[in-house]
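Peer 1: Below: one structure in structure tokens.
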Amino acid sequence: MVDANELEPQIVKPEKTAFTFGKDTPTQTEIKWSPPDNADKFSALTYNMEVDGGQGWTALNDSRQPLLRVYFTSEKIIVGRYSRAQEVEPVAVRLHVRATGTVKTQGQEENISGPWSDDIWLTLEGSCVTENTSV
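Residues in the sequence shown are numbered from 1420 upward in steps of one, following our numbering.
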């Protein structure tokens, strides 16, 4: 008999949990994490991701790779289908990820989700606002 805990993917571990985006940031930043330690127990793994920019968690597209690309322009960050504009003050966005493993039980495929990772913080530096001082 298989222990139920063996059927749940273990927590994924982000390589880094804090990223800052500002004027010297490259256009693309990769956020990576390690697969769960028990990844070999599943016929397939999918990573579920959610982002929270202060209005509650929003689901992003799932991925089969332990990687998420964040894009940065001079005015905003783009994470999947979520974007957040730069403001005068710094803006913090949280992201977390979990693994969902596919197992076969009694001839049926079943998807089992593991726990959410630690939060990954994305900080968008404040923009420089200059006053119009024309005479």
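Virtual Cβ for every residue (Gly too), placed ideally from N, Cα, C.
Which first and last residues belong to the beta strand (DSSP E) in which T1448 is found?
Peer 2: On the sequence shown, residue 1448 is found 29 positions in, with the first residue counted as 1. Start and end: Q1447 to S1453.
Peer 1: Going by C-alpha to C-alpha distance, which of G1520, R1513 and S1493 sits closest to Y1501?
Peer 2: Within the sequence shown, residue 1501 is the residue found at index 82, counting from 1. If we check each option's Cα against that of Y1501, R1513 comes out closest.
Peer 1: Can you check which of these residues, W1535, T1519 and D1537, is closest to E1529 by C-alpha distance?
Peer 2: As a working mapping, residue 1529 is identified with position 110 in the sequence shown. For the residues W1535, T1519 and D1537, the minimum Cα distance to E1529 belongs to T1519.
Peer 1: Given G1441, which residues of its chain have a CB within under 6 Å of its CB, disregarding the five upstream and five downstream residues?
Peer 2: Looking up residue 1441 in the sequence shown gives position 22. These residues qualify, in order along the chain: E1544.
Peer 1: Taking the alpha carbon of I1531 as the point to measure from, which residue in L1464, D1456 and Q1447 has its own alpha carbon closest?
Peer 2: Position 112 of the sequence shown, counting from 1, holds the residue named residue 1531. That would be L1464, whose Cα lies nearest to the Cα of I1531.
Peer 1: To the nearest angstrom, report how far apart E1527 and T1521 are at their CA atoms.
Peer 2: Against the sequence shown, residue 1527 aligns to sequence position 108. Against the sequence shown, residue 1521 aligns to sequence position 102. Looking at the sequence itself, residue 1527 is Gln, so the reference to Glu does not match. The straight-line gap from Cα to Cα measures roughly 10 Å.
Peer 1: Leaving out the 5 sequence neighbours to the left and right, which residues in its chain are closer than 7 Å to V1421 when beta-carbon positions are compared?
Peer 2: Numbered from its first residue, the sequence shown carries residue 1421 at position 2. Model confidence at V1421 stands at a pLDDT of 47, short of 50, so the residue's coordinates are unreliable; what they give is reported in the following sentence. Result list for V1421: empty, nothing under 7 Å.
Peer 1: For a quick check, are the C-beta atoms of I1496 and R1488 less than 9 Å apart?
Peer 2: Working through the sequence shown from its first residue, we reach residue 1496 at position 77. Working through the sequence shown from its first residue, we reach residue 1488 at position 69. No.
Peer 1: Here's the rule: buried if 16 or more other CB atoms are within 10 angstroms of the residue's CB, otherwise exposed. What is N1551?
Peer 2: By 1-based counting over the sequence shown, the position of residue 1551 is 132. Because N1551 sits at a pLDDT of 44, beneath the cut-off of 50, its placement in the model cannot be relied upon, and the following sentence gives the value as read from the coordinates. N1551 should be labelled exposed.
Peer 1: Among the residues of its own chain, which have a CB less than 8 Å from the CB of T1549, if the five just before and after it don't count?
Peer 2: To locate residue 1549, count along the sequence shown from 1; it is residue 130. At T1549, the pLDDT of 46 sits below 50, so the modelled position is not reliable; the number obtained from the coordinates is stated separately. Hits under 8 Å: none found.
Peer 1: In whole angstroms, what separates the C-alpha of L1541 from that of V1498?
Peer 2: Walking along the sequence shown from the start, residue 1541 turns up at place 122. Walking along the sequence shown from the start, residue 1498 turns up at place 79. Cα-Cα distance, rounded: 10 Å.
Peer 1: Could you pull out every residue in the same chain whose Cβ sits closer than 6 Å to the Cβ of N1457, ignoring the five residues on either side in sequence?
Peer 2: Residue 1457 sits at position 38 when you count from the first residue of the sequence shown. Within the same chain, N1457 has close Cβ partners Q1429.
Peer 1: Expressed to the nearest angstrom, what Euclidean distance is found between the alpha-carbon atoms of D1443 and S1493?
Peer 2: What you label residue 1443 is simply residue 24 of the sequence shown in a count that begins at 1. What you label residue 1493 is simply residue 74 of the sequence shown in a count that begins at 1. Roughly 10 Å separates the two Cα atoms.
Peer 1: Let me confirm a value: W1452 is counted as buried when at least 16 other C-beta atoms fall within 10 Å, else exposed. Which label applies?
Peer 2: Along the sequence shown, one-based indexing puts residue 1452 at 33. With 16 or more other Cβ atoms within 10 Å, it is buried.
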